[in-house]
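Residue numbers (this note's numbering): 3 to 694. Where a beta carbon is used, it is the ideal one built from N, C-alpha and C, also for glycine. Comments concern the structure below.
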Amino acid sequence: MDTIVIIRRDLTWHVRAMVLFSLFLQTFLFLFAPLRRRVAKAYIVVPISFAFLNVDVVAYLAMTVISSTVGNTSGGSSSASPELVGFWATFLLVHLGGADTITAFSLTDNELWHRHLLQLVSQSATIAYLFFVTLSSKNKLWLPTLLVFVAGFIKYTERIRSLYLGSWRNFQDSLLTEPDPGPDYATLMDIYSSKKEAKLPSRIVMIPEPERVPKKIKEYEDEPTPLNDLEVVQYAYHFFQTFNGLVFCFDERAQSRTFFLNRTARDAFKVVELELNFFYEILYTKAKVLRGRYGFLLRFASFVLTVAAIVHFYLIDKQGFQKMDLRITYILLLGAIALDISSFLKVGFSDQIAVALTQSNNPSLVVRILRKSLNVNRERWPDENSNSTQHCTTCSFGRFMQVMHRTWSESIYQRNLIRYCLKRGKFFGHKKGSKYYFWVKFTNDLRDFIFEELKMKSKLADDIETAKEIHQARGDWVLRVEGCTDLLHWINDNDFDESLLLWHIATELCFAREDISMNKDFRGLSKILSDYMLYLLLVPYKMMSAVARIGQIRFQDTCAEAINFFRERKIGQSKKVPLHIQACRSILNVNVTVKPAIVKGDRSKSVLFDACMLAKELEELGEGKKWVIISKVWVEMLSYAASRCTALAHAQQLCRGGQLITFVWLLMSHLGLENQVQISEGHERARLFVGK
Numbered sequence: 003m004d005t006i007v008i009i010r011r012d013l014t015w016h017v018r019a020m021v022l023f024s025l026f027l028q029t030f031l032f033l034f035a036p037l038r039r040r041v042a043k044a045y046i047v048v049p050i051s052f053a054f055l056n057v058d059v060v061a062y063l064a065m066t067v068i069s070s071t072v073g074n075t076s077g078g079s080s081s082a083s084p085e086l087v088g089f090w091a092t093f094l095l096v097h098l099g100g101a102d103t104i105t106a107f108s109l110t111d112n113e114l115w116h117r118h119l120l121q122l123v124s125q126s127a128t129i130a131y132l133f134f135v136t137l138s139s140k141n142k143l144w145l146p147t148l149l150v151f152v153a154g155f156i157k158y159t160e161r162i163r164s165l166y167l168g169s170w171r172n173f174q175d176s177l178l179t180e181p182d183p184g185p186d187y188a189t190l191m192d193i194y195s196s197k198k199e200a201k202l203p204s205r206i207v208m209i210p211e212p213e214r215v216p217k218k219i220k221e222y223e224d225e226p227t228p229l230n231d232l233e234v235v236q237y238a239y240h241f242f243q244t245f246n247g248l249v250f251c252f253d254e255r256a257q258s259r260t261f262f263l264n265r266t267a268r269d270a271f272k273v274v275e276l277e278l279n280f281f282y283e284i285l286y287t288k289a290k291v292l293r294g295r296y297g298f299l300l301r302f303a304s305f306v307l308t309v310a311a312i313v314h315f316y317l318i319d320k321q322g323f324q325k326m327d328l329r330i331t332y333i334l335l336l337g338a339i340a341l342d343i344s345s346f347l348k349v350g351f352s353d354q355i356a357v358a359l360t361q362s363n364n365p366s367l368v369v370r371i372l373r374k375s376l377n378v379n380r381e382r383w384p385d386e387n388s389n390s391t392q393h394c395t396t397c398s399f400g401r402f403m404q405v406m407h408r409t410w411s412e413s414i415y416q417r418n419l420i421r422y423c424l425k426r427g428k429f430f431g432h433k434k435g436s437k438y439y440f441w442v443k444f445t446n447d448l449r450d451f452i453f454e455e456l457k458m459k460s461k462l463a464d465d466i467e468t469a470k471e472i473h474q475a476r477g478d479w480v481l482r483v484e485g486c487t488d489l490l491h492w493i494n495d496n497d498f499d500e501s502l503l504l505w506h507i508a509t510e511l512c513f514a515r516e517d518i519s520m521n522k523d524f525r526g527l528s529k530i531l532s533d534y535m536l537y538l539l540l541v542p543y544k545m546m547s548a549v550a551r552i553g554q555i556r557f558q559d560t561c562a563e564a565i566n567f568f569r570e571r572k573i574g575q576s577k578k579v580p581l582h583i584q585a586c587r588s589i590l591n592v593n594v595t596v597k598p599a600i601v602k603g604d605r606s607k608s609v610l611f612d613a614c615m616l617a618k619e620l621e622e623l624g625e626g627k628k629w630v631i632i633s634k635v636w637v638e639m640l641s642y643a644a645s646r647c648t649a650l651a652h653a654q655q656l657c658r659g660g661q662l663i664t665f666v667w668l669l670m671s672h673l674g675l676e677n678q679v680q681i682s683e684g685h686e687r688a689r690l691f692v693g694k
């Protein structure tokens with residue numbers, strides 16, 4: 003007798019709801035997961051986080067319910083067909099393959115690829131069990147079930163391979179070049195010795211190898227011109243390929259430095275922006291797997307299998323199936339096909355395809371058409387002075403398109419010690435106050451200023467030793483160059499985190515002292531960089547842990563002293579002067595002729611009044627020079643911090659909207675200001691010559 007397989011009536015609606023919810027989560031992640039690298043706001047990150055954390059849970063739970071409710075008891079009219087439910091289970095395997103636009107929410111997820119490999123085996127075994135059980139009841143859906151199962155198996159293996167390639171150790175290994183053993187020294191010396199013994203005149207000559215600088219880069223060495231969008235993509239991909247874990251050989255450093263020295267700040271930041279985007283796609287998406295030849299073929303095979311499944315399902319006799327269950331099945335099939343088509347379009351208009359098209363010297367008609375469509379897609383950096391740009395920023399659609407085309411948040415987070423101390427009663431206790439922050443827009447003026455400072459230092463760093471000296475500077479190099487040696491002790495005599503707090507408070511005190519400045523631009527840039535550096539020092543994920551030391555303790559002690567000081571001086575009683583201005587002026591009015599450590603001892607790590615002393619020394623520089631010095635010191639501190647953050651810390655920021663410090667880090671590497679360079683040039687090969 004044939005075994006009649008049915009589903010318990012009370013769990014039928016649960017299964018229907020879960021498979022549809024699983025499809026909804028997959029679609030949501032596919033569409034909205036890329037936003038997390040563009041918008042670092044809670045209203046974007048939290049829903050994406052919720053969907054990512056629950057998408058696998060829903061699929062596992064649905065699979066468990068389906069497998070546990072297969073039995074021999076009779077069901078009512080509301081029970082779903084066991085054949086259909088078994089068919090639905092294969093879609094859960096497809097969903098476990100994950101959305102193409104997000105495989106890892108953080109880098110830690112990539113390290114769990116072993117777990118997903120075990121889950122693939124487990125879930126495949128469960129579906130195989132369901133398949134064979136339903137097969138015994140003359141399942142007419144066995145072929146589409148098998149087709150979708152294979153498609154789901156392919157997609158889950160894509161996810162596992164993406165996680166494996168994105169795991170930090172394998173990612174670093176993939177960046178290494180092929181081993182170079184060099185010339186065969188032993189053989190060469192054997193031949194040389196034999197020639198000497200035979201009394202034949204022999205000599206070993208070192209022959210330089212030709213310079214390996216790409217033609218594209220050589221073209222712009224003498225007469226640099228602005229880059230168009232497709233050229234930006236091409237250069238970004240070239241430097242991404244020669245990244246090699248930031249360990250450059252001598253010629254790679256030279257060509258990178260030459261290229262960026264001949265670029266404007268706008269073009270340089272565009273290239274670095276896309277270069278970081280390539281890293282994001284490898285670490286957090288399926289891009290590397292899908293854009294490979296075999297990956298694309300497997301995805302196409304998966305797509306064909308799903309199309310074949312829906313065609314077969316459409317043609318079979320559906321008598322005995324409920325209309326609602328048929329609708330759900332069509333939704334699952336069409337949803338899978340729609341996501342695959344969207345994935346193909348995404349790959350077709352990707353940056354890597356743009357690189358391939360720009361390298362074609364004799365493009366066909368199809369390539370020319372794609373080039374034009376890709377160029378439209380590359381309009382992510384409109385001209386700064388164009389009227390269309392100004393118009394787009396005033397309309398909602400224009401702002402939306404700018405957000406969709408950018409690859410990072412273009413925001414700079416800010417934390418301000420004085421403002422926090424004044425607000426701490428309203429928001430937080432001062433130990434938790436480090437969570438208080440705000441943000442400002444990344445401006446063209448700030449971009450240009452940072453790049454010109456790095457560019458100037460790169461021009462001076464003609465040799466490795468000078469580059470290392472500049473790399474070690476944390477504000478002192480600028481002070482020496484500008485002739486402000488009296489201020490050097492505020493840098494050299496303190497740890498980096500202490501110097502950062504000192505200069506942050508001093509910058510705030512100077513900023514609040516006057517409303518009008520002879521150097522408005524430098525004054526504003528100094529303020530933004532000062533607040534940004536404090537944000538980095540206190541950031542929860544400890545990006546600057548290598549140089550922070552006891553920065554959190556110093557911050558808390560300084561806040562405690564500032565809060566007590568403001569309370570004693572009754573800051574806020576006057577309504578005519580803004581609260582923040584009152585606070586800063588009260589600090590500046592304190593007599594600081596005696597060093598605070600002499601009076602207070604060293605138990606408290608507060609630097610409040612030390613910073614007051616620094617502010618008064620800065621005021622002595624005069625209005626024309628003060629803000630220039632302060633702004634340049636902050637850029638040097640930012641550069642120092644950027645080079646001390648690990649590559650892992652920078653990579654972790656790519657999925658959180660990105661950080662300005664990561665751009666500075668990569669720009670320093672390209673400009674030859676990093677110390678991770680192979681000093682030996684190695685541009686020569688030995689040749690043995692016999693005869694006179």
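Provide the residue(s) that pair with residue i in DSSP beta bridges, ordered along the chain.
| i | result |
| --- | --- |
| Trp144 | In DSSP, Trp144 forms no bridge with anything. |
| Tyr158 | None; Tyr158 has no bridge partner. |
| Lys1 | Because the chain is modelled from 3 through 694, residue 1 falls outside the range shown and cannot be assessed. |
For a test of the three-state rule: what should DSSP assign to residue i, helix, strand or coil?
| i | result |
| --- | --- |
| Lys320 | coil |
| Tyr438 | coil |
| Lys544 | coil |
| Ile414 | strand |
| Ile104 | coil |
| Ala19 | helix |
| Gln174 | helix |
| Arg40 | coil |
| Ser83 | coil |
| Asp495 | coil |
| Glu471 | helix |
| Thr244 | coil |
| Ser24 | helix |
| Thr260 | helix |
| Pro346 | Looking at the sequence itself, residue 346 is Phe, so the reference to Pro does not match. Phe346: helix per DSSP, three-state reduction. |
| Ala564 | helix |
Quick one: Cα of residue i to Cα of residue j, how far?
| i | j | result |
| --- | --- | --- |
| Ala508 | Cys614 | 6 Å |
| Glu589 | Asn230 | Per the sequence presented here, residue 589 reads as Ile, with Glu not at that position. Cα-Cα distance, rounded: 51 Å. |
| Phe315 | Val306 | 14 Å |
| Leu335 | Lys140 | 22 Å |
| Val21 | Phe54 | 16 Å |
| Ser344 | Ile632 | 50 Å |
| Arg605 | Asp559 | 10 Å |
| Leu675 | Ala649 | 16 Å |
| Gly168 | Arg38 | 18 Å |
| Ile333 | Gly553 | 55 Å |
| Ala338 | Gly322 | 25 Å |
| Pro146 | Leu317 | 11 Å |
| Ile50 | Leu31 | 7 Å |
| Val291 | Val405 | 26 Å |
| Ala311 | Asp253 | 54 Å |
Which residues mark the beginning and the end of the alpha helix (DSSP H) in which residue i is found?
| i | result |
| --- | --- |
| Ile573 | Looking at the DSSP string, Ile573 is not in any alpha helix (DSSP H), and its letter there is neither H nor E. |
| Ile552 | Where Ile552 is concerned, there is no enclosing alpha helix (DSSP H), given that its DSSP letter is neither H nor E. |
| Ala644 | Glu625 to Arg646 |
| Lys607 | Per DSSP, Lys607 belongs to no alpha helix (DSSP H) and is neither H nor E. |
| Cys423 | Leu419 to Lys425 |
| Lys272 | Ala267 to Tyr286 |
| Asp111 | Leu109 to Asn112 |
| Lys602 | Pro598 to Lys602 |
| Ala649 | Ala649 to Gln655 |
Within its chain, find whatever has a CB closer than 7 Å to the CB of residue i; leave out the 5 residues flanking it on each side and keep chain order.
| i | result |
| --- | --- |
| Asp612 | Leu504 and Pro598 |
| Asp450 | Ala267 |
Closer than 7 Å: is that where the CB of residue i sits relative to any heavy atom of the ligand MN?
| i | result |
| --- | --- |
| His116 | With respect to the ligand MN, the structure shown offers nothing to examine, as it has no ligands at all. |
Below 6 Å CB to CB, which residues in the same chain sit around residue i once its five sequence neighbours on both sides are set aside?
| i | result |
| --- | --- |
| Phe23 | Val60 |
| Leu610 | Thr560, Glu563 and Ala564 |
| Val150 | Thr92 and Ala311 |
Which same chain residues, not among the five before or five after residue i, have their C-beta less than 8 Å away from its C-beta?
| i | result |
| --- | --- |
| Ala548 | Arg646, Cys647 and Thr648 |
| Arg259 | Ser460, His672, Leu673 and Gly674 |
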